[in-house]
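Report on the structure given below.
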Amino acid sequence: MMLSIRDVATQTGLTAHTLRYYEAIGLLGPISRSRSGQRQYSPADLNWLAFLLRLRSTGMGIRDMQRYATLRREGATLQSVQQREALLVQHAARLEDEIGQLQQTLAVLHDKIALYRTQAGELKASCSFPSQGAQHASTAHPEPDH
């Protein structure tokens with residue numbers, strides 16, 4: 011079943027302009043046309059777009075995506091396959107580094123959340139004694155650096 015540019019835009023979340031741009035810069039191969047000149051996308055085009063969107067969502071730049079698309083069009087030659095593999099290995103390594111950094115940041119956030127929960131519990135407990143009140147709580151628990 012062939013799809014119009016509007017249908018593909020709806021399914022992928024891309025604009026029609028972006029789809030035409032992807033075709034113009036070589037990310038998409040030539041898209042077939044109806045007799046009236048309307049673009050007609052195939053299921054294979056949609057699968058390729060889904061892969062491109064995954065690359066884009068993980069931060070791969072347009073130039074690397076273009077290089078990958080060019081190599082893909084060359085077919086299953088040894089050189090093309092090895093170069094595509096190398097591009098994806100490099101990209102995966104960048105993602106793994108980014109994930110590691112994000113995990114470290116998440117650990118810091120979890121530590122801060124635990125600290126604030128502990129402090130909130132202590133402040134609630136100390137405020138339950140009317141003679142101590144909020145004045146005691148603010149001096150007993152100074153604001154953390156972050």
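Counting in this note's numbering, the sequence shown runs from 11 upward without gaps. Idealized CB from N, CA, C, for every residue including glycine. Small disclaimer: the values here were computed from a predicted structure and weren't measured.
Open item on the list: For the alpha helix (DSSP H) containing Arg45, name the first residue and the last one.
Closed with: First-last for Arg45: undefined, no H or E at that position.
TODO: Spatial neighbours of Arg16 within its chain, please: CB distance less than 8 Å, with the 5 preceding and 5 following residues excluded, ordered by chain position.
DONE: Taken in chain order, the residues that qualify are Ala26.
Task: Beta bridge counterpart(s) of Gln111 as assigned by DSSP - done: Bridge partners of Gln111: none, in fact.
Task: Exposed unless 16 or more other CB atoms sit within 10 angstroms - verdict on Ala102 - done: With fewer than 16 Cβ atoms within 10 Å of its Cβ, Ala102 is classed as exposed.
- [ ] Please determine, among Ile41, Arg64, Arg45, the residue with the shortest C-alpha to C-alpha distance to Ala54.
- [x] Ranked by Cα distance from Ala54, the options Ile41, Arg64, Arg45 are led by Ile41.
Task: From Leu37, His120, Ser46, residue whose alpha carbon lies closest to that of Asn57 - done: Leu37
TODO: Could you tell me whether the Cβ atoms of Leu105 and Thr68 are closer together than 7 Å?
DONE: Going by beta carbons, Leu105 and Thr68 fall inside the 7 Å limit.
Open item on the list: On a Cα-Cα basis, can you pick out the residue from Met75, Tyr51, Gly23, Gln21 that is closest to Gln100?
Closed with: Met75
- [ ] Could I get the ranges of all uninterrupted alpha helix (DSSP H) runs contained in the region 24-96, with 4 residues as the minimum, in chain order?
- [x] Taken in chain order, the complete alpha helix (DSSP H) segments of 4 or more residues contained in the region 24-96 are 26-34, 53-67, 72-83.
- [ ] Tell me whether the beta-carbon of Thr22 lies closer than 7 Å to the beta-carbon of Leu65.
- [x] no
Task: Beta-carbon proximity check, Gln50 vs Met12, cutoff 7 Å - done: Yes.
- [ ] Could you tell me if Ala79 is buried or exposed, where buried requires 16 or more neighbouring beta carbons within 10 angstroms of its beta carbon?
- [x] buried
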